[in-house]
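The structure appears right after this line, and notes come after that.
Number of protein chains: 6
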Amino acid sequence: MSLKPIDYADASPQVREVFDDIKRTRNVPDVNNFWKYLAHDPAGLKRTWGSLKEVMAPGALDPLTKEMIYLAVSVTNGCGYCIASHTAGARKAGMSEAMFGELMAVVGMANETNRLVQGYRVPIDAAFG
Amino acid sequence: MSLKPIDYADASPQVREVFDDIKRTRNVPDVNNFWKYLAHDPAGLKRTWGSLKEVMAPGALDPLTKEMIYLAVSVTNGCGYCIASHTAGARKAGMSEAMFGELMAVVGMANETNRLVQGYRVPIDAAFG
Amino acid sequence: MSLKPIDYADASPQVREVFDDIKRTRNVPDVNNFWKYLAHDPAGLKRTWGSLKEVMAPGALDPLTKEMIYLAVSVTNGCGYCIASHTAGARKAGMSEAMFGELMAVVGMANETNRLVQGYRVPIDAAFG
Amino acid sequence: MSLKPIDYADASPQVREVFDDIKRTRNVPDVNNFWKYLAHDPAGLKRTWGSLKEVMAPGALDPLTKEMIYLAVSVTNGCGYCIASHTAGARKAGMSEAMFGELMAVVGMANETNRLVQGYRVPIDAAFG
Amino acid sequence: MSLKPIDYADASPQVREVFDDIKRTRNVPDVNNFWKYLAHDPAGLKRTWGSLKEVMAPGALDPLTKEMIYLAVSVTNGCGYCIASHTAGARKAGMSEAMFGELMAVVGMANETNRLVQGYRVPIDAAFG
Amino acid sequence: MSLKPIDYADASPQVREVFDDIKRTRNVPDVNNFWKYLAHDPAGLKRTWGSLKEVMAPGALDPLTKEMIYLAVSVTNGCGYCIASHTAGARKAGMSEAMFGELMAVVGMANETNRLVQGYRVPIDAAFG
Chain A
255 MSLKPIDYAD ASPQVREVFD DIKRTRNVPD VNNFWKYLAH DPAGLKRTWG SLKEVMAPGA
315 LDPLTKEMIY LAVSVTNGCG YCIASHTAGA RKAGMSEAMF GELMAVVGMA NETNRLVQGY
375 RVPIDAAFG
Chain B
255 MSLKPIDYAD ASPQVREVFD DIKRTRNVPD VNNFWKYLAH DPAGLKRTWG SLKEVMAPGA
315 LDPLTKEMIY LAVSVTNGCG YCIASHTAGA RKAGMSEAMF GELMAVVGMA NETNRLVQGY
375 RVPIDAAFG
Chain C
255 MSLKPIDYAD ASPQVREVFD DIKRTRNVPD VNNFWKYLAH DPAGLKRTWG SLKEVMAPGA
315 LDPLTKEMIY LAVSVTNGCG YCIASHTAGA RKAGMSEAMF GELMAVVGMA NETNRLVQGY
375 RVPIDAAFG
Chain D
255 MSLKPIDYAD ASPQVREVFD DIKRTRNVPD VNNFWKYLAH DPAGLKRTWG SLKEVMAPGA
315 LDPLTKEMIY LAVSVTNGCG YCIASHTAGA RKAGMSEAMF GELMAVVGMA NETNRLVQGY
375 RVPIDAAFG
Chain E
255 MSLKPIDYAD ASPQVREVFD DIKRTRNVPD VNNFWKYLAH DPAGLKRTWG SLKEVMAPGA
315 LDPLTKEMIY LAVSVTNGCG YCIASHTAGA RKAGMSEAMF GELMAVVGMA NETNRLVQGY
375 RVPIDAAFG
Chain F
255 MSLKPIDYAD ASPQVREVFD DIKRTRNVPD VNNFWKYLAH DPAGLKRTWG SLKEVMAPGA
315 LDPLTKEMIY LAVSVTNGCG YCIASHTAGA RKAGMSEAMF GELMAVVGMA NETNRLVQGY
375 RVPIDAAFG
């Protein structure tokens with residue numbers, strides 16, 4: 255049988271601590287399903303959230319760009335849940351419908367030319383080192 | 255035997271027309287290997303370049319963001335040539351080393367959590383519609 | 255229209271022979287949907303079951319390890335059916351919830367670092383031959 | 255260290271028997287590297303060759319079509335060796351340069367639209383059942 | 255929230271022009287969902303349909319072969335919508351159940367041996383250049 | 255141009271601290287190339303090593319099983335460097351040639367049946383929940 259999500263009310267103190275940090279950081283009333291399932295592995299939950307929080311924080315790249323990159327990878331991997339959640343995340347961070355359309359167009363072209371390059375067995379140009 | 259690249263000097267007028275447009279658009283002295291191999295299919299060369307030119311033009315997303323998205327897809331697909339050429343393209347468009355590092359970190363995390371989501375069989379939250 | 259599963263009652267003698275061997279080998283009352291669909295290609299059914307039976311038999315690796323490896327591949331490929339069936343198979347072979355959590359963590363890290371390695375274009379160390 | 259290929263001269267009788275059948279079936283003087291490496295697992299060599307021989311034999315699909323499908327998959331998976339060997343195989347079976355160009359174009363478009371479909375989260379039409 | 259499909263009745267003249275060409279070219283009463291979603295990006299709709307129409311037209315390869323190659327890629331990428339739509343497309347172009355079974359068998363073998371080749375790190379034979 | 259590896263002699267104190275911990279934990283005289291490239295992103299280096307060290311530590315699964323799972327994922331993703339390094343890692347942890355052969359056979363079968371399942375659009379059995 256499939257695992258069940260672990261809701262806040264049923265979570266251990268260790269899990270609640272991570273849930274609280276996610277809610278505080280993202281300013282949301284509840285965590286999304288991914289975290290409620292990952293809570294079956296409390297150490298993994300803590301580690302994954304810690305890494306994600308660090309990686310997605312504003313830095314040399316802004317949060318919107320990071321969300322769009324996350325979405326580009328999720329589309330390329332065909333992960334339905336990830337596409338839904340990161341489309342929502344990117345919109346929340348400011349992605350307009352026009353930006354979404356261009357993002358998909360770039361992802362589509364990249365997937366096409368990646369395979370053309372491999373099919374034609376193109377050697378790397380000296381200039382690309 | 256593997257195909258050989260078609261250089262400008264040996265190209266048909268139809269292929270040269272595309273090569274000329276690539277060089278003009280990108281302001282480069284020669285086209286990179288991808289185009290020299292794709293030139294074995296002149297119709298495909300023309301169509302692919304036409305699409306790429308349209309998709310990568312500045313719009314709702316700027317060229318640097320587009321190049322970084324292209325690179326994120328190429329890394330996820332493990333296409334060596336594409337990683338080399340789009341790393342060069344993104345740098346030319348302004349990607350700093352710090353931006354590259356953060357881009358890779360996001361791509362890495364996305365690939366990790368995409369698979370965690372699928373392994374835990376997480377259902378889509380109602381809020382993500 | 256999508257194919258329909260072929261149940262034992264409607265199966266040809268050739269298909270029934272394979273179904274009987276699956277039920278006997280796995281000690282189950284009925285075969286799962288995969289085999290009922292593959293039965294549309296009787297030669298493919300026979301060949302695939304023959305290979306799977308041989309590959310998954312105890313050998314230098316025990317059945318639990320084999321089921322977990324199968325699950326790791328299925329998660330990496332994002333195959334929903336395969337994840338469900340091999341999670342069930344691994345549990346039946348003895349995978350505890352703690353083992354599942356660690357398995358997912360390893361699969362997640364491997365998917366992350368696989369892409370980091372490719373993005374950074376890391377050359378193979380001489381020591382790895 | 256990487257494994258070494260097992261040449262005919264150094265092969266066990268069981269491996270030689272498979273090598274002989276490959277050479278006879280394909281009418282070639284020696285087997286290609288894939289088989290010489292797989293020979294490290296004699297049971298796997300025998301099983302894989304047996305399956306491949308059966309799957310690639312002429313049937314409802316002709317050998318050229320089968321080789322081109324094999325190549326389409328290999329390109330989509332980015333397997334360099336497989337692309338090289340099945341391009342050679344398809345050419346031997348009659349693939350012209352024009353056919354190769356169209357094959358690559360279809361593979362490229364399929365990879366592009368596969369991702370667009372997933373990015374736009376397109377639901378399956380009732381007509382496709 | 256997920257995007258909604260854009261039906262003909264609600265489409266802009268630019269989108270209707272593409273829809274009309276799809277219906278005429280394929281001789282169908284309505285376009286399938288993919289186009290109704292892609293219509294959110296009118297330029298992308300026009301470009302993608304233009305490329306697809308050109309790529310899938312009869313040429314050195316016949317339409318059935320092209321549809322089967324499209325399906326082989328879609329299966330390898332695990333795109334559910336694409337598998338459903340191109341299975342329908344291939345059947346309409348003449349794929350029998352026996353051809354479908356052999357197609358799947360080739361796709362399965364290719365996915366298996368692609369990974370064996372990579373796992374054994376097989377170097378490319380000189381003959382494959 | 256491609257990045258250059260950062261050797262211990264040229265590394266910052268922050269990077270050296272991570273390198274030292276890797277060498278101590280694995281009891282090796284130097285770190286492998288992956289870490290020398292990732293050192294271009296000191297925060298990413300520290301985070302990735304911290305996660306990997308935690309994930310690969312003995313727990314409910316032993317180190318050999320974890321290395322073989324890592325290898326199974328790397329083969330499925332076609333990451334050459336990762337295949338080389340984790341084959342070495344698995345051997346060091348006790349993987350025999352027979353175990354490697356069976357591991358590859360399972361990875362191959364899983365990649366084959368994953369795609370067959372998707373191509374036949376097999377619905378999940380009620381029993382698998």
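Protein chains in written order, with our numbering: chain A, 255 to 383; chain B, 255 to 383; chain C, 255 to 383; chain D, 255 to 383; chain E, 255 to 383; chain F, 255 to 383.
The beta-carbon is built from N, C-alpha and C at its ideal position, and this holds for glycine as well.
So, with DSSP's three-state summary, where would you put residue i?
i	result
Ser305 (chain C)	helix
Gly348 (chain C)	coil
Asn286 (chain A)	coil
Arg375 (chain D)	coil
Gly383 (chain C)	coil
Ser339 (chain C)	helix
Gly298 (chain A)	helix
Ala314 (chain B)	coil
Ala293 (chain B)	coil
With distances taken between CB atoms, is the gap from residue i to residue j smaller than 8 Å?
i	j	result
Tyr335 (chain B)	Val327 (chain A)	no
Val272 (chain E)	Trp303 (chain E)	yes
Tyr324 (chain E)	Val329 (chain D)	no
Met322 (chain E)	Ala344 (chain E)	yes
Val269 (chain A)	Pro296 (chain A)	yes
Leu318 (chain B)	Met358 (chain B)	no
Phe288 (chain A)	Ala342 (chain B)	no
Asn286 (chain F)	Asp261 (chain C)	no
Glu308 (chain D)	Arg301 (chain C)	yes
The alpha helix (DSSP H) with residue i in it runs from where to where?
i	result
Tyr262 (chain F)	Run containing Tyr262 (chain F): none; DSSP gives neither H nor E here.
Leu325 (chain C)	Pro317 to Asn331
Pro267 (chain B)	Pro267 to Arg280
Which one of the options has the shortest CA to CA distance from residue i?
i	options	result
Gly298 (chain C)	E:Gly355, E:Ala380, E:Asn365 and E:Pro312	E:Gly355
Glu366 (chain F)	E:Asn286, E:Ser266 and E:Asn331	E:Asn331
Leu292 (chain E)	E:Met349, E:Asp316, E:Asn368 and E:Lys258	E:Lys258
Cys333 (chain F)	E:Gln372, E:Gly383, E:Lys307 and E:Ala311	E:Gln372
Leu320 (chain B)	A:Asn286, A:Met363 and A:Lys346	Reading off the sequence shown, one finds Lys at residue 320 (chain B), where the question assumed Leu. Per the Cα distances, A:Met363.
Asn368 (chain C)	F:Lys277, F:Gly348 and F:Leu306	F:Leu306
Ser256 (chain A)	C:Ser339, C:Leu370 and C:Ala347	C:Ser339
Asp316 (chain A)	A:Ala347, A:Lys290 and A:His294	A:Ala347
Met310 (chain E)	E:Asp284, E:Ile276, E:His294 and E:Lys290	E:Ile276
His294 (chain C)	C:Leu370, C:Asp284 and C:Ala265	C:Ala265
Tyr374 (chain F)	E:Leu370, E:Ile337 and E:Tyr374	E:Ile337
Leu370 (chain A)	B:Lys290, B:Asp274 and B:Pro267	B:Lys290
Any heavy atom of the ligand PLP closer than 7 Å to the Cβ of residue i?
i	result
Gly298 (chain B)	This structure lacks the ligand PLP, and indeed carries no ligand of any kind.
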